[in-house]
Structures are given as structure tokens and as C-alpha cells.
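Q:
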Ligand SMILES: Nc1ncnc2c1ncn2[C@@H]1O[C@H](COP(=O)(O)OP(=O)(O)O)[C@@H](O)[C@H]1O
Ligand SMILES: [Mg+2]
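Protein chains in written order, with the working numbering: chain A, 1 to 235; chain B, 1001 to 1403.
1. Compile a chain-ordered list of the residues in the stretch 1290–1317 of chain B whose CB is closer than 9 Å to at least one CB of chain A.
2. Contact check, residue 126 (chain A) vs residue 153 (chain A) under 8 Å by CB: the rounded distance?
3. Check whether the Cβ atoms of residue 1209 (chain B) and residue 1139 (chain B) lie closer than 9 Å to each other.
4. Within 8 Å: the Cβ of residue 34 (chain A) and any heavy atom of ligand 2?
5. Is any beta-carbon of chain B found at less than 9 Å from that of residue 9 (chain A)?
6. What in chain B is Cβ-close to residue 95 (chain A), meaning under 7 Å?
7. 9 Å is my cut-off, CB to CB: does residue 49 (chain A) come that close to chain B?
8. Within the chosen definition, does the stretch 1332–1339 of chain B reach the stretch 95–108 of chain A through at least 3 CB pairs nearer than 8 Å?
9. Given a threshold of 16 other Cβ atoms within 10 Å of its Cβ, counted over all protein chains shown, does residue 1146 (chain B) qualify as buried or as exposed?
10. May I ask which residues mark the beginning and end of the beta strand (DSSP E) holding residue 1098 (chain B)?
11. If distances are taken between C-alpha atoms only, which option among B:1173, B:1084 and B:1166 comes closest to residue 1183 (chain B)?
12. Counting only Cβ pairs nearer than 8 Å, list the residues of chain A close to residue 1016 (chain B).
13. Alpha carbon to alpha carbon, how far is residue 24 (chain A) from residue 180 (chain A)?
14. Nearest CA to the CA of residue 1116 (chain B): which residue from B:1043, B:1101, B:1177 and B:1036?
15. Apart from the five residues just before and just after residue 1123 (chain B), which ones in its own chain have a Cβ nearer than 6 Å to its Cβ?
16. Per DSSP, residue 1368 (chain B) is paired with what?
17. Kindly say whether residue 1396 (chain B), judged by its beta-carbon, lies nearer than 9 Å to any beta-carbon of chain A.
18. Step through the CB atoms of chain A and report whether any lies within less than 9 Å of the CB of residue 1390 (chain B).
19. May I ask you to list the residues that DSSP assigns as paired with residue 3 (chain A)?
20. Assess contact between the stretch 1034–1041 of chain B and the stretch 1296–1306 of chain B, defined as three or more Cβ pairs (one per stretch) separated by less than 8 Å. Is contact present?
21. Do you know whose CA, among A:38, A:13, A:68 and A:138, lies nearest residue 213 (chain A)'s CA?
22. Any residue with its Cβ nearer than 6 Å to a heavy atom of ligand 1 should be included. What is that list in chain order?
23. From the DSSP secondary-structure annotation, give me the bridge partner or partners of residue 222 (chain A).
24. Is there a C-beta anywhere in chain B that falls below 9 Å from the one on residue 100 (chain A)?
25. Give the straight-line distance between the Cα atoms of residue 1120 (chain B) and residue 1221 (chain B), rounded to the nearest whole angstrom.
26. Should residue 150 (chain A) and residue 131 (chain A) be called a contact, given that it needs their Cβ atoms to be closer than 9 Å?
27. Cα separation between residue 1240 (chain B) and residue 1099 (chain B)?
28. Quick one: residues in its chain with C-beta nearer than 8 Å to the C-beta of residue 17 (chain A), no 5 flanking neighbours on either side, listed in chain order?
29. DSSP on residue 1258 (chain B), reduced to helix/strand/coil?
30. Spatial neighbours of residue 1167 (chain B) within its chain, please: CB distance less than 8 Å, with the 5 preceding and 5 following residues excluded, ordered by chain position.
31. Could you give the first and the last residue of the continuous alpha helix (DSSP H) run that contains residue 151 (chain A)?
32. Looking at chain A, is there any beta carbon in it that lies within less than 9 Å of the beta carbon of residue 1010 (chain B)?
33. How far does the beta strand (DSSP E) with residue 1206 (chain B) in it reach, from first residue to last?
34. Compare the C-alpha of residue 236 (chain A) against each of A:123, A:170, A:137 and A:178 and name the closest.
35. Report the rounded CA-to-CA distance for residue 1403 (chain B) versus residue 28 (chain A), giving the unit in angstroms.
Next comes the structure, spelled out in C-alpha cells:
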């Protein structure tokens, strides 16, 4: 599903160069549930942004579903973000003036899907994350956990190949964080491929594989023997 | 993303910040409303003037001396010329005109006077001009033959002298060369300039119509300044002008002394002047539109900066550069088009205001409205392109990181 070879990312900060990623190799297969860990500044977000086609690598190869991403133009990248990638951010990144439903509809608006189908699918997605009662609420009328669930619904709604989440529980209390992990586990159960950044070992424990970064390099990549299961079923 | 979605979301953001949107539109509103106000009044007065000329008939000519200061006594127009002109088959009526200036008319308070023009004509004048009678009648041929001391005055003057307007049979006192002469009022017409004239009674002299002979006697002259001639067929106006000139030249045995002017000619001149005037004011309004457009650009740039994060979010969800560009372009256009529509409304109201002062009906034509709407959307495009491009080119990651 994801094949990354010798990927580097260099930031030019005036006179200084920051090597955020140094020759990273990584493969993620379909239906995996991977967490990326590592100290702050180790390159986790940089990696996620490149996988999510939000950013470009400086060198190296990146294949998503056998398509070489490195050579694509802006519009093609936008298309991939729209159809193949669902991104969940630490700070939710919902549009404050839109309702939950309208936020979830947005990726479909850019996919050119008609209003009726958009609404139906957005409703389904919100139902899936347990927010069918909150569809007409604006983000500021929702709790952090609920906002993140709206963001997950939005990430899922175009049925992407892969779900990427950069510290999705970072702004949440532990209870809400656990809820989010429950949703991810259920989605993974249903066949979703998920790559998630976290620096909390308790959160990573819910995933099936942990990749650890330090100074822009992968220092370990191991499977989790017995992934923790959330006590309740959220979906 | 389709257009309807873009328009919807643009409307939403324009209306979510009403005060700012309104202030942004203000320049456009002022610009467009002045364009509409000026063109509506301009077109209205053009229509009114054309109407006046239609009433007069476009088949009217005036004959005068080309240069009265160089004319000899042989060249002077005379009463006998009337018969010559009447002989032309196209001519339906003729009146001589002598306008006596420097006259004073005594007002209600016998010590007060208003300056007047005494217009000496014959009975045919009523066929040629468009006098609007309120009371009484115009001159008849016996008035003219007898040089009767009768006058037709307008309602404004009647009120100034008598305090009311139905003054048939009353005497008015006209002072010419220090001598006062009584005239009997036989007709009251509506002041053709309307209330506009009564606002400035000192600037605009009163006009009195009298038998030409009577006016001649007051001034001790028999000069005729011009003839007003009505003809049958307006398509033959040019031929008739030439032929009439020839006939007069033959009678007076001179050449190149007479000047024939048709009503259409003066209408053309007036229209041209009005046209230049409208163009000039529109140019000034255009500058305010330019300033308005720059205001729109300025606010759009601020909007783009403020909404950097939104742009990042939209891009992360798959918005292409062109989706973002169109979104902001449409927002700019909505601002300018709504501004334009409000401007059309205000401009029309302003036109009504000025029109009621000038006694004309302002006219807003569909063409002008369509042009203005097109103009406002063009302003939106022209001044929205730069901010919209700036938004479209934002890097998704940097935009998402923007606080
Ligand atoms: N836009 C940028 N410009 C310059 N340096 C950057 C930029 N983004 C990230 N970096 C640097 O790259 C390194 C990796 O950052 P990041 O991927 O955000 O780390 P993490 O998410 O693991 O905390 C850090 O040293 C950071 O300072
Ligand atoms: Mg990070």
C-alpha cells in the first residue's frame, strides 16, 4: 500500500539546513494499524505530511497504491488527498462556521458529488462515529472528543485507502482519547489502514505496530504482541 | 467543486461579516450610485428636452440674420417677408419675433419690479410653440393688427403680482425706457420651467407674450429678430431651408445674409452637450469605482490572510488551486455586484431627488442597469484576481500551520 524508499526532507531555514527525514525506508500494508512514535522534532509530522501528500519530499521515492507520488503535480496531489487519503489532525481543523454535517460534506464537495448523496453519506459517516444527534451543531458547540469524531467522519467519508492521524488524541483528555482509539480499532477491524502519530505509549499500545523515529531516522519498527483493547465498543 | 457550491459558500462568508462587507462595498456603492444618478438625470433631461422639441415639432425652422451687426437696412427682415415665406408650399405658419429686453414689470408692491422680456409675436406663434394654457387664450389676428395692449403671462408671474393665477382681464404695468404702460392679461400659461424658475425669480426674467406691433411701439423700432416657421414635412426640412433662404435673398437682393436653423439641429447640439456632460461625470464616477475596487482588493487580501488556515484545511481535503481561486474570486464579485445593485437603488433614489428639483423624470434604462452590473462584476474580477491567486498559491502545510 505504502512504499517509501530513501526518503529525505531538508528544510532550508535561512542559512541553516534542517534534515527532518534522513533516508527513511518504510512499508505499510493494507489493513495495518501503525503508530509512529518518537520525541518531539524527530520528523514524525514531516513523515505524515509527505505520506498525506500535503508536502513533498526532497529526495527518495514514495509509492501509494503503486502510484509514484514524487513526480505528481499540485492538482494530482489534491486529487489524491481528496480520494485516497483521510487526514485527522491534532487540532481537529474543522471549519468553524460550518455545521458538523457541512464539515463532513466538504471532501465530497471537492469530489464533485451531488448535494443529496453528500448529505446521505455525511449522515452515515457521522452516525458511524456516534454523532447522529449532533449533525447540525457547529464545532464550538461540540466537545473536543466530539470535534475529533467529526474530523474522523470527514476523513472517512470519501472512503480513502488510508487514514492518517497526527497526534489525534493530543488535545483530548484520556477518556476522549480512549474513545477515539476505540473508533480507530473498530475501523481497522472493518479493514481500514491506519497510520497514527503519538508520543504517548498508552495510546500506541492500542495499535498493532510501532515505528519509532529519532532525528529523522527510524530507530525501531516492531509489532505489538497483544494490542490493548478498549473496554467498550464505540461503534 | 461546482459553481453553485462556490457561490453558496461565497455568499455565506460575505453575509457572515455583514458590517465589513458593507464597508467594503461602500466605494462601489458610491461609484455606481453616482453613475446611475447622473445617467438617469442626464437621460431624463434628454427625454424631457426631446419631448419639448417634439411638442414644438421637429418641423420647425427659425430664420435670422447671420450677423445683425453687419447687416444693412436692406437686409433687415420685415413684415412683408412673412408673405414671401408663406408662399412656400411647405410652410404652414409663420410668426415674426421681436424680443424686447430691459423691461421691468411692476409687482404686488408697486415699488418692486422684476425684469422681464417682452416677446412680440403674431397669432401663429401658438401653432409653432408649445404653450400650456391655464386660463384665457392666445393672441388672435385682430390683437396683432390693432397692436392691442394685451399680454399673455405665466402663472408664476401672475402669483407674484396678484397673489393668485386666474388673472384674466387684470392690468399689468410694464416699464420700458422709464415709461409705464398698462397691458391687459388675456391668457395665463404654465411656466415652462416649472417651479425651478420660481426658485430664482431674480435670475430668470419673466416672459410676456404680446402683439409684435405693441412691443415695437414700446421700443420705437420695427426690427424683426427672426421668423419662426412651421413646415409640413420634416423630411424636407433641409430643402425648405435652402429654398426659403433663396426666396429671401431674391427679395432683399443680397447673398449669404440669412441663417436658417432647424429645431433638430439645436436638439442635436443640446444632446451633444448633455452627452459630454454625462461622459465627464461618468469619468469622475469611474475614478470612485477605481478607488472602490482598490478597497475591495485590500479587504480581500486581509480576508485571505485571515482565512489562511481555512484555505489550508480545504486544500488538505482535496481543494485544487483553482477551487480556492474561484471561491475568492466569486466572493469579490459578490461584494461588487451587491454593491452595484445597492448603488443602482441609491442612484435611482438620488436621481428621483434631483429630478424632482429639476422637474424631470429620471430614466434608468435596462441597458444602463445591465452595463452597471457587468461593470461591477468586472471590478470584482479585476480587483479580486490578485487576492484570489494569492490564496490559491498558498502551500497547504504552511497554511495549516498558520495561527
Ligand atoms: N516548515 C519547516 N521549516 C523548517 N523546519 C521545519 C519545518 N517543519 C519542521 N521543521 C523541523 O523539522 C524537524 C522535524 O519536525 P516535525 O516533523 O514537526 O517533528 P515532530 O512532528 O516529530 O515533532 C524539526 O527539527 C523541525 O524543527
Ligand atoms: Mg508533530
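Heads up, the beta-carbon is just placed ideally off N, CA and C, and yes, glycines get one too.
A: Judging by the given coordinates:
1. Listed in sequence order: 1309, 1310, 1312, 1313, 1314, 1315, 1316 and 1317.
2. Distance from residue 126 (chain A) to residue 153 (chain A) at the Cβ level is roughly 5 Å; contact confirmed, criterion being Cβ atoms closer than 8 Å.
3. With contacts defined as CB atoms closer than 9 Å, residue 1209 (chain B) and residue 1139 (chain B) qualify as a contacting pair.
4. Between ligand 2 and residue 34 (chain A), a heavy atom-to-CB distance of less than 8 Å is absent.
5. Residue 9 (chain A) does not count as touching chain B.
6. Those within 7 Å of residue 95 (chain A) in chain B are 1310 and 1313.
7. It does; some Cβ of chain B falls within 9 Å.
8. By the C-beta criterion, the stretch 1332–1339 of chain B is judged not to be in contact with the stretch 95–108 of chain A, since fewer than 3 inter-stretch pairs fall below 8 Å.
9. The residue is exposed, with fewer than 16 neighbouring Cβ atoms inside 10 Å.
10. From DSSP, the beta strand (DSSP E) with residue 1098 (chain B) extends over 1091–1106.
11. Distances from the alpha-carbon of residue 1183 (chain B) to those of B:1173, B:1084 and B:1166 put B:1173 closest.
12. Correct list: 97.
13. Rounded to whole angstroms, residue 24 (chain A) to residue 180 (chain A) spans 29 Å at the Cα level.
14. Considering only alpha carbons, the answer is B:1101.
15. The residues 1139, 1140, 1141 and 1144, in chain order, have a CB closer than 6 Å to that of residue 1123 (chain B) in the same chain once the five nearest residues on each side in sequence are set aside.
16. Per DSSP, residue 1368 (chain B) has no beta bridge partner at all.
17. Judged by the 9 Å Cβ criterion, residue 1396 (chain B) is in contact with chain A.
18. Contact with chain A is absent for residue 1390 (chain B), since none of that chain's Cβ atoms lies less than 9 Å from the residue's Cβ.
19. In the DSSP secondary-structure assignment, residue 3 (chain A) is bridged to A:27 and A:63.
20. Verdict: no, contact absent.
21. In terms of Cα proximity to residue 213 (chain A), the closest of A:38, A:13, A:68 and A:138 is A:38.
22. Matched residues: A:11, A:13, A:18, A:20, A:38, A:40, A:41, A:42, A:43, A:44, A:45 and A:46.
23. Paired residues: A:210.
24. Not an interface residue.
25. So the alpha carbons of these two residues sit roughly 12 Å apart.
26. Yes, these two residues count as a Cβ contact at 9 Å.
27. Roughly 25 Å between the two C-alpha positions.
28. Result list for residue 17 (chain A): 10 and 11, in chain order.
29. Here residue 1258 (chain B) sits in strand by DSSP.
30. Excluding residues within five positions, the ones whose Cβ falls inside 8 Å are 1135, 1153, 1158, 1161, 1185 and 1188.
31. Residue range 144–156 is occupied by the alpha helix (DSSP H) that includes residue 151 (chain A).
32. Not an interface residue.
33. In the DSSP annotation of this structure, the continuous segment of the beta strand (DSSP E) that includes residue 1206 (chain B) starts and ends at 1206–1211.
34. Outside the modelled stretch of chain A, which goes from 1 to 235, sits residue 236 (chain A), for which no answer is possible.
35. Approximately 32 Å between the Cα atoms of the pair.
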